[in-house]
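*Asks:*
Protein chains: 2
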Amino acid sequence: MAQRSTFRRKGRATIIDVGRVAGVSDATVSRALNRPETVSQTTRERIHAAIAETGYVPNPLAKAMVSGRTHTVGALVPTLDHAIFSKFLHALETELSAQSYNLVVAVTEGDNTLELEKAKKLLSMGVEGLIVSGLSHNGELLELAERAAVSLVATSYYEPGASLPTIGYDNEVAAKLALAHLTGLGHRNIAVIHGPVSSNDRTQSRLKGLHDAGNDIDLHFIQTSLDYRGGGEALLQWDRSMTAILCLSDVLAMGALFKLQADGIQVPHDVSLMGFDNMDPSEFLTPPLTSLKLPIEDMGKATAKAVCDHLQSGEPIASIELHTQLAVRDSTAPVGK
Amino acid sequence: MAQRSTFRRKGRATIIDVGRVAGVSDATVSRALNRPETVSQTTRERIHAAIAETGYVPNPLAKAMVSGRTHTVGALVPTLDHAIFSKFLHALETELSAQSYNLVVAVTEGDNTLELEKAKKLLSMGVEGLIVSGLSHNGELLELAERAAVSLVATSYYEPGASLPTIGYDNEVAAKLALAHLTGLGHRNIAVIHGPVSSNDRTQSRLKGLHDAGNDIDLHFIQTSLDYRGGGEALLQWDRSMTAILCLSDVLAMGALFKLQADGIQVPHDVSLMGFDNMDPSEFLTPPLTSLKLPIEDMGKATAKAVCDHLQSGEPIASIELHTQLAVRDSTAPVGK
DNA sequence: CTGTTAGCGCGTTCAG
DNA sequence: CTGAACGCGCTAACAG
Chain E
207 MAQRSTFRRK
217 GRATIIDVGR
227 VAGVSDATVS
237 RALNRPETVS
247 QTTRERIHAA
257 IAETGYVPNP
267 LAKAMVSGRT
277 HTVGALVPTL
287 DHAIFSKFLH
297 ALETELSAQS
307 YNLVVAVTEG
317 DNTLELEKAK
327 KLLSMGVEGL
337 IVSGLSHNGE
347 LLELAERAAV
357 SLVATSYYEP
367 GASLPTIGYD
377 NEVAAKLALA
387 HLTGLGHRNI
397 AVIHGPVSSN
407 DRTQSRLKGL
417 HDAGNDIDLH
427 FIQTSLDYRG
437 GGEALLQWDR
447 SMTAILCLSD
457 VLAMGALFKL
467 QADGIQVPHD
477 VSLMGFDNMD
487 PSEFLTPPLT
497 SLKLPIEDMG
507 KATAKAVCDH
517 LQSGEPIASI
527 ELHTQLAVRD
537 STAPVGK
Chain B
207 MAQRSTFRRK
217 GRATIIDVGR
227 VAGVSDATVS
237 RALNRPETVS
247 QTTRERIHAA
257 IAETGYVPNP
267 LAKAMVSGRT
277 HTVGALVPTL
287 DHAIFSKFLH
297 ALETELSAQS
307 YNLVVAVTEG
317 DNTLELEKAK
327 KLLSMGVEGL
337 IVSGLSHNGE
347 LLELAERAAV
357 SLVATSYYEP
367 GASLPTIGYD
377 NEVAAKLALA
387 HLTGLGHRNI
397 AVIHGPVSSN
407 DRTQSRLKGL
417 HDAGNDIDLH
427 FIQTSLDYRG
437 GGEALLQWDR
447 SMTAILCLSD
457 VLAMGALFKL
467 QADGIQVPHD
477 VSLMGFDNMD
487 PSEFLTPPLT
497 SLKLPIEDMG
507 KATAKAVCDH
517 LQSGEPIASI
527 ELHTQLAVRD
537 STAPVGK
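Written out as structure tokens, the structure reads:
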């Protein structure tokens, strides 16, 4: 079948090969594919037959090259192995996909150097937008994004004065809200369990929101690893004088709860326990965990929309504040109850 | 500064603009960038100065077009909002990135039609490889991938006879292993809680592995929604005659455990409870949950390696079997104990 | 309605 | 060591 060499240069058929087989020019094939109404019925049919015969499949790179668009946005997240980020990405992908954009994800492990490196890779593959988590980044990142002319937006954070648009919530306010719930129940001596602060500006912000709690409030800060084990281990530094425990993540709260259960300490009778995140399992725990709802899904959706809008209109991206709210459940109770 | 119009056609500087400023040809600029050793010291310096001056940044699309490579692979997963998939993707991205590949993810919601649609988008953006979950797909998918000449591989599954390479574990064997643990403890009347079977071939496989359990074993299958709530609700169909509960996912097991705790039913004293997945929190639960360890991270890593190898060598991808193993903890005990 | 001509930005011959 | 010329596959502009 020497024919094959006619329409196969090196493996794949091109628009020209299709044209040759159909007896038309490459331009006509292109038109038949992109604006069928500008091509006569009969040649259109011949072309489609030729496409089938040659097994032609459009070269996406050539198309992207000429249009200058990749319809791809990149997201840099600290990890995928944490529900909060995967939930965010899920919502992000869903909305992006609805607007015909693809999502490339890269994991930074919370390391700004790695983040920069991966950002470069994303840019050099042609993403049109770049989504990062939090505000602390390598300085080069902004410059890089600007030079590549891609829009950059930070999430999990709301800070209108920042050097890049932010879409998220106010971590300080959220932390205050959580603390207010506990103090409102009369707690004055409270353990605050949190993950590493370095390279996690969200945690830093939350802690900042707690620091000016008031003179009559005693806060005991306990830093631990941000996982279930860490939540349990942090309890070594807790004693019953602290009538409440505020965990700056539900993962920590669950770790703590499981440990308390194992030790036979009753929640909320012996100690009130509060989380932060409102993960899926929290409402089903025994007792159901009081937590702080973060608008993660909304954030994913809003971020996708903002990026798509910007890509379409050219208008700069505006920061968006999303609101957090308490989810009061049974793990917290008035002090001394 | 009329100069700008010299090296800015429509917004961005090209390799030609750089050459013009540096007083060399575009070819020399290209060489200076890709094979610096073939360019003299002095012109190289002039070129770099020109790059800085023009703010030149390589056009990734043109590069991809000429090289014919995007260094991108796509992954289709049912959801990101489940630890098992996000853990997998995390490992996948990490390894892929180490080999300088980018990862595009798309969510299918377990819908084969949506999967096909998204696969098309991934292909039309130029992915070099496509990773899917499980074995049941729209028939067009294989054909599509072949025509686009991208390598396709299925995960979460091991089935050497399948029409595409599989990298994963044998769900049937794993289920048998789990059941054997319970029967080995003397349990004969066992509730099996599982998620929807339609559009989830992993669950189907696991159930299949259970069906020929033996004549003296009574299995009560309870289907529910695949989330924490579902695990709890499934217990409505459980009674104490069933001395053990096997959940085909840790999420279900946790949902069940929380409900049992709320109802004051002691595990494992009143009933043995076993999960399947071995998620992060499982070992910290009270009691620690007996489960079946799935090699998720290995699977991510192995899949990435297989795809990269294939892309580099051209050899077909070979199926890989990864092994599951029991994680025996305190939530299961001999019957009647 | 269709063919011809021009690029898009870059890498890679092949001469010098 | 460097420049000119060509090609990657496709779309857009202009003729016919």
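Here the protein sequences line up with chains E and B, keeping their order. Note that the working numbering has the first sequence beginning at 207, numbered continuously upward. Note that the working numbering has the second sequence beginning at 207, numbered continuously upward. Each residue gets a CB set at the ideal place from its N, CA and C atoms; glycine is no exception.
For a quick check, are the C-beta atoms of LYS327(B) and THR314(B) less than 8 Å apart?
*Replies:* Their beta carbons are not under 8 Å apart, which means LYS327(B) does not touch THR314(B) by this criterion.
*Asks:* I need the straight-line Cα distance from CYS514(E) to GLN305(E), nearest angstrom please.
*Replies:* 7 Å
*Asks:* Return yes when at least one heavy atom of the ligand SAM lies under 7 Å from the C-beta of LEU298(E), else no.
*Replies:* With respect to the ligand SAM, the structure shown offers nothing to examine, as it has no ligands at all.
*Asks:* Output, in chain order, the set of chain E residues within a Cβ distance shorter than 7 Å of ASP287(B).
*Replies:* SER292, LYS293, HIS296
*Asks:* So what's ALA219(B) in DSSP terms, helix, strand or just coil?
*Replies:* coil
*Asks:* Hey, out of GLN410(E), THR285(E), VAL279(E), PHE294(E), whose CA is closest to THR285(B)'s CA?
*Replies:* PHE294(E)
*Asks:* Could you please give me the residues that DSSP links to HIS426(E) through a beta bridge?
*Replies:* ALA397(E)
*Asks:* Does GLU527(E) come out as helix, strand or coil in the three-state DSSP assignment?
*Replies:* strand
*Asks:* Are PRO501(E) and HIS475(E) close, meaning C-beta to C-beta below 8 Å?
*Replies:* No, the pair does not count as a contact, with Cβ atoms beyond the cut-off.
*Asks:* Can you tell me whether LEU532(E) is helix, strand or coil according to DSSP?
*Replies:* Here LEU532(E) sits in strand by DSSP.
*Asks:* Which residues does DSSP pair with MET480(B) in a beta bridge?
*Replies:* LEU452(B), THR496(B)
*Asks:* Write down the C-beta distance between LEU498(E) and LEU383(E) rounded to the nearest angstrom, noting that I regard them as a contact closer than 8 Å.
*Replies:* 6 Å
*Asks:* If I measure Cβ to Cβ from THR496(B) and keep anything under 6 Å in the same chain, skipping five residues before and after, which residues do I get?
*Replies:* If we look at THR496(B) and ignore the five residues flanking it on each side, its Cβ neighbours are MET480, VAL534, ARG535, SER537, THR538.
*Asks:* Using a Cβ cut-off of 8 Å (strictly closer), state whether TYR363(B) contacts chain E.
*Replies:* no
*Asks:* On the three-state DSSP scale, how would you describe ILE471(B)?
*Replies:* coil
*Asks:* Sort out for me which residues DSSP pairs ILE373(E) with in a bridge.
*Replies:* THR361(E), ILE526(E)
*Asks:* With 8 Å as the C-beta to C-beta threshold (strictly closer), list the residues of the segment 352-386 of chain E near chain B in chain order.
*Replies:* ARG353, ALA354, ALA355
*Asks:* What runs of the beta strand (DSSP E), each 3 residues or longer, lie entirely inside the segment 250-317 of chain E?
*Replies:* Correct list: 278-283, 308-313.
*Asks:* So what's GLY340(B) in DSSP terms, helix, strand or just coil?
*Replies:* coil
*Asks:* Are the CB atoms of PRO402(B) and GLN443(B) within a distance shorter than 8 Å?
*Replies:* No, they are not a contact pair.
*Asks:* Relative to the C-alpha of HIS400(B), which candidate in LEU425(B), VAL379(B), SER362(B) has its C-alpha closest?
*Replies:* LEU425(B)
*Asks:* Alpha carbons only, please: which of ASP376(B), VAL333(B), GLY367(B), ALA380(B) is nearest the one belonging to LEU358(B)?
*Replies:* VAL333(B)
*Asks:* Of all the CB atoms in chain B, is at least one closer than 8 Å to the CB of THR278(E)?
*Replies:* yes
*Asks:* Tell me whether ALA368(B) is buried or exposed, calling it buried when 16 or more other Cβ atoms sit within 10 Å of its Cβ.
*Replies:* Exposed, because fewer than 16 other Cβ atoms sit within 10 Å of the Cβ of ALA368(B).
*Asks:* Taking the C-alpha atoms as reference points, what is the distance between ALA219(E) and ILE257(E)?
*Replies:* 9 Å
*Asks:* Would you kindly work out how many angstroms separate the C-alpha atoms of ILE523(B) and GLY374(B), rounded to a whole number?
*Replies:* When rounded, the distance between both Cα atoms is 13 Å.
*Asks:* Taking SER455(B) and PHE490(B) to be in contact with their CB atoms under 8 Å, please state how far apart those CB atoms are, rounded to whole angstroms.
*Replies:* Going by Cβ atoms, the distance from SER455(B) to PHE490(B) rounds to 17 Å, so no, they are not a contact pair.
*Asks:* Can the beta-carbon of LEU441(E) be found closer than 8 Å to that of ALA462(E)?
*Replies:* yes
*Asks:* Along chain E, which residues have their Cβ under 9 Å away from the Cβ of VAL310(B)?
*Replies:* THR278, ASN308, LEU309, VAL310, VAL311
*Asks:* From this set, PRO540(E), VAL541(E), GLN531(E), GLY225(E), which residue's C-alpha is nearest ALA380(E)'s C-alpha?
*Replies:* With distances taken between CA atoms, ALA380(E) lies nearest to GLN531(E) out of PRO540(E), VAL541(E), GLN531(E), GLY225(E).
*Asks:* Where does the unbroken alpha helix (DSSP H) through ASP433(E) begin, and where does it stop?
*Replies:* Unbroken run through ASP433(E): none, as it is neither H nor E.
*Asks:* Which of the residues in the segment 521-537 of chain E, read from start to end, lie with their CB under 9 Å from any CB of chain B?
*Replies:* none
*Asks:* So LEU517(B) and GLY335(B) are in contact, right, with Cβ under 8 Å, and what is the actual spacing, rounded?
*Replies:* 6 Å
*Asks:* When DSSP labels each residue in this structure, what does GLY335(E) get in the three-state scheme?
*Replies:* strand
*Asks:* Can you check which of these residues, PRO266(B), GLY340(B), ASP418(B), is closest to TYR363(B) by C-alpha distance?
*Replies:* GLY340(B)
*Asks:* Are there three or more Cβ pairs, one per stretch, closer than 8 Å when the segment 244-252 of chain E is compared with the segment 226-234 of chain E?
*Replies:* Yes: the two stretches touch, three or more of their Cβ pairs being nearer than 8 Å.
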